[in-house]
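For the sequence shown, numbering that gives the first Met the number 0 assigns the number 0 to the initial residue and increments by one for each residue that follows.
Where a beta carbon is used, it is the ideal one built from N, C-alpha and C, also for glycine.
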Amino acid sequence: MTEPLKVWFLASEVAPFAKTGGLADVAGSLPPCLKSLGVDIKVGLPFYRTVKDGSFEIKKSFEGLEVPLGDTILRGDILETSTEEGVPVYLFDMEDFFGRSGLYGTPKGDYPDNLERFSYFCRAALLFAKETGLSFDVVHCHDWQTGLIPAYLRTLFKADPFFSDVASVMTVHNLGYQGLFPADKLSVCGLPATEFHLEGIEFWGKISLLKAGIVYADAITTVSPTYSQEIQRPEFGLGMEGIFKKRSADIYGILNGADYHTWDPVADRHINAHYSLGNVKDKGQCKAALVNELGLDQRFADRPLLAMVSRLAAQKGCDLLVEIARDIVELDAGLVVLGAGEDKYERFLIGLGKKYPECMAIRIGFDESLAHRIMAGADMLLIPSRYEPCGLTQIYALKYGTVPIVRATGGLDDTIKRFDPVSGRGTGFKFVEYEAEAFLDQIKEAVRLFEEGTNWMKLVENGMRSDFSWKRSAQEYLYVYDKVRKTG
Ligand code: ADP
Numbered sequence: 000m001t002e003p004l005k006v007w008f009l010a011s012e013v014a015p016f017a018k019t020g021g022l023a024d025v026a027g028s029l030p031p032c033l034k035s036l037g038v039d040i041k042v043g044l045p046f047y048r049t050v051k052d053g054s055f056e057i058k059k060s061f062e063g064l065e066v067p068l069g070d071t072i073l074r075g076d077i078l079e080t081s082t083e084e085g086v087p088v089y090l091f092d093m094e095d096f097f098g099r100s101g102l103y104g105t106p107k108g109d110y111p112d113n114l115e116r117f118s119y120f121c122r123a124a125l126l127f128a129k130e131t132g133l134s135f136d137v138v139h140c141h142d143w144q145t146g147l148i149p150a151y152l153r154t155l156f157k158a159d160p161f162f163s164d165v166a167s168v169m170t171v172h173n174l175g176y177q178g179l180f181p182a183d184k185l186s187v188c189g190l191p192a193t194e195f196h197l198e199g200i201e202f203w204g205k206i207s208l209l210k211a212g213i214v215y216a217d218a219i220t221t222v223s224p225t226y227s228q229e230i231q232r233p234e235f236g237l238g239m240e241g242i243f244k245k246r247s248a249d250i251y252g253i254l255n256g257a258d259y260h261t262w263d264p265v266a267d268r269h270i271n272a273h274y275s276l277g278n279v280k281d282k283g284q285c286k287a288a289l290v291n292e293l294g295l296d297q298r299f300a301d302r303p304l305l306a307m308v309s310r311l312a313a314q315k316g317c318d319l320l321v322e323i324a325r326d327i328v329e330l331d332a333g334l335v336v337l338g339a340g341e342d343k344y345e346r347f348l349i350g351l352g353k354k355y356p357e358c359m360a361i362r363i364g365f366d367e368s369l370a371h372r373i374m375a376g377a378d379m380l381l382i383p384s385r386y387e388p389c390g391l392t393q394i395y396a397l398k399y400g401t402v403p404i405v406r407a408t409g410g411l412d413d414t415i416k417r418f419d420p421v422s423g424r425g426t427g428f429k430f431v432e433y434e435a436e437a438f439l440d441q442i443k444e445a446v447r448l449f450e451e452g453t454n455w456m457k458l459v460e461n462g463m464r465s466d467f468s469w470k471r472s473a474q475e476y477l478y479v480y481d482k483v484r485k486t487g
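This is how it looks when you write it as structure tokens:
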């Protein structure tokens with residue numbers, strides 16, 4: 000019998016323990032699916048305050064791991080918990096680094112010692128494995144926070160027999176976050192100065208931890224097929240297109256899946272009424288409850304209700320929303336926004352909510368439970384992203400019979416098919432040019448279809464029938480692991 004493939008899956012956020020966005024959803028639901036396919040998988044995550052304060056069953060796993068950082072040696076503990084499906088999750092404790100209110104920073108900006116924090120996490124993850132004899136075939140890293148790991152395997156640990164058969168996979172969830180730090184801090188991460196060059200971790204005179212991952216990993220994946228192509232072009236490559244082009248033979252675009260244990264109106268524990276294809280009309284109860292909860296005018300229990308659940312960042316197309324927000328009032332549609340992010344968007348939206356309290360509900364902050372109730376209660380979900388590596392909210396929206404209105408980019412383009420009233424096929428509305436008018440046209444068309452009735456139900460049901468469960472994508476990851484594997 001062949002040994003199961005052993006994977007060490009390292010991420011800076013994992014749902015339900017710590018979450019700021021889609022990375023957490025992926026890191027929380029892909030490992031259990033890989034486990035069900037026979038992979039021996041273990042997950043590693045920093046022991047943030049949110050994890051400590053949560054109601055998770057946690058036990059100590061290792062005490063006093065010595066981890067070099069710059070010219071000091073830190074001693075940290077490793078704790079252990081597990082996902083509901085029994086995947087072990089190791090938590091890297093270092094109170095000075097992770098015992099804070101945020102994961103990466105405060106609303107004012109990033110923590111100034113993020114290089115120290117995540118260098119520690121990366122190095123500790125490898126040293127812990129070695130110290131405890133936790134052998135693995137593949138280390139799967141995610142985004143800049145874990146980008147140093149492939150670099151460490153090719154440099155610091157290159158000659159160490161414990162790591163000689165370990166392959167690395169780097170998944171890029173969002174190229175917009177490159178993990179950039181001043182060049183003079185190279186000693187913090189412990190890489191030799193000889194790695195600071197164009198083919199190494201240097202990026203326009205700075206250290207880029209994301210680039211480290213991309214350059215040194217055995218394979219690179221992106222979270223949708225279209226994004227894997229887009230990043231090789233200047234428009235989306237954000238200066239790294241040349242690096243990706245060079246590695247194009249090792250890049251795989253694998254669409255994210257949805258965790259339907261968490262995101263399905265049949266059993267969602269956050270929503271007011273459960274529904275499925277057989278009783279879509281019960282979605283109306285969720286809508287009425289949402290209208291009440293948010294204090295919108297009662298007529299919006301019947302009028303179109305538009306929503307956005309998103310980080311408030313330029314990437315998410317917030318500028319387009321700002322431009323057309325008042326037109327939504329003209330259409331006599333309601334608008335619900337749940338988001339947090341850049342100050343200028345937050346302030347604009349708060350002002351808008353105050354001006355139109357009857358038809359607009361703006362909630363600034365991160366609220367997992369409300370996100371579910373919006374997904375169930377709204378009629379349409381707006382995702383006008385400038386770029387979108389995959390996007391999960393449109394995939395969740397489909398399951399809840401909430402029609403996505405998206406820009407045709409990255410994973411949004413891969414997952415949403417334009418509705419054609421003649422054939423009755425399609426799952427949403429799409430526009431191509433990043434222009435407010437194009438966005439508004441699609442909203443108007445959606446509102447018209449909603450008012451007309453019959454075709455709307457067809458469209459809603461098409462979405463609810465779509466299936467983006469993890470299994471197929473997880474099998475694609477297995478293929479990549481197998482490609483890079485040096486053992487077995
Ligand atoms: P990204 O990872 O770029 O932020 P995704 O669409 O991949 O975007 O994933 C976003 C995830 O974060 C979804 O689960 C979404 O419901 C959630 N989310 C985003 N903003 C909020 C918020 N303000 N409150 C609660 N959940 C949010």
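Alpha carbon of residue i to alpha carbon of residue j, nearest angstrom
| i | j | result |
| --- | --- | --- |
| phenylalanine 55 | alanine 124 | 21 Å |
| leucine 185 | serine 422 | 58 Å |
| aspartate 183 | aspartate 112 | 14 Å |
| aspartate 142 | glycine 338 | 22 Å |
| leucine 320 | histidine 172 | 24 Å |
| valine 265 | arginine 464 | 13 Å |
| threonine 131 | leucine 64 | 10 Å |
| alanine 26 | valine 13 | 5 Å |
| tyrosine 395 | aspartate 263 | 8 Å |
| leucine 334 | isoleucine 327 | 7 Å |
| aspartate 466 | tyrosine 259 | 9 Å |
| tyrosine 89 | tyrosine 399 | 33 Å |
| glutamate 292 | histidine 273 | 17 Å |
| isoleucine 363 | lysine 107 | 15 Å |
Residue closest to residue i, alpha-carbon to alpha-carbon, out of the options
| i | options | result |
| --- | --- | --- |
| lysine 205 | Lys41, Arg406 and Phe180 | Phe180 |
| aspartate 378 | Phe365, Leu397, Arg362 and Leu90 | Leu397 |
| glycine 20 | Lys482, Tyr176 and Lys58 | Tyr176 |
| isoleucine 323 | Trp203, Leu477, Cys32 and Phe438 | Phe438 |
| threonine 154 | Leu133, Ala216 and Gly338 | Ala216 |
| methionine 359 | Gly294, Ser35, Pro403 and Ile77 | Gly294 |
| tyrosine 386 | Leu380, Ile373, Arg406 and Ala370 | Arg406 |
| glycine 283 | Met456, Ser223 and Arg417 | Met456 |
| arginine 74 | Thr49, Asp326, Tyr119 and Gly400 | Tyr119 |
| alanine 288 | Lys129, Leu477, His269 and Pro87 | His269 |
Near the ligand ADP: residue i beta-carbon under 7 Å from a heavy atom
| i | result |
| --- | --- |
| phenylalanine 467 | no |
| phenylalanine 559 | No information on residue 559 is available, as it lies outside the stretch 0 to 487 that the chain covers here. |
| cysteine 285 | no |
| glycine 390 | yes |
| aspartate 366 | yes |
| valine 308 | yes |
| leucine 381 | no |
| glycine 212 | no |
| leucine 22 | yes |
| glycine 338 | yes |
| asparagine 291 | no |
| alanine 488 | Residue 488 is absent from the model: the chain starts at 0 and stops at 487. |
| alanine 257 | no |
| alanine 370 | yes |
| asparagine 173 | yes |
Per-residue DSSP class, three states only, for residue i
| i | result |
| --- | --- |
| glutamate 201 | strand |
| glutamate 79 | strand |
| tyrosine 251 | strand |
| threonine 408 | coil |
| tyrosine 89 | strand |
| aspartate 39 | strand |
| arginine 362 | strand |
| glycine 241 | helix |
| arginine 447 | helix |
| alanine 124 | helix |
| serine 207 | strand |
| glutamate 345 | helix |
| arginine 302 | coil |
| aspartate 109 | strand |
| valine 25 | helix |
| isoleucine 415 | coil |
| alanine 10 | coil |
Segment limits, alpha helix (DSSP H) that includes residue i
| i | result |
| --- | --- |
| tryptophan 262 | That residue, tryptophan 262, is in no alpha helix (DSSP H); it is neither H nor E in DSSP. |
| serine 186 | 185 to 188 |
Bounding residues of the beta strand (DSSP E) (the contiguous stretch that carries residue i)
| i | result |
| --- | --- |
| glutamate 475 | Glutamate 475 -> not in any beta strand (DSSP E); alpha helix (DSSP H) instead, spanning 469 to 483. |
| threonine 221 | 218 to 221 |
| phenylalanine 161 | Taken as a continuous stretch (DSSP letters only), phenylalanine 161 belongs to no beta strand (DSSP E), as it is neither H nor E. |
| histidine 141 | 137 to 141 |
Residue i at chain B interface by Cβ criterion, 8 Å
| i | result |
| --- | --- |
| glycine 376 | Annotation note: the requested chain B is absent from the structure, which comprises a single protein chain. |
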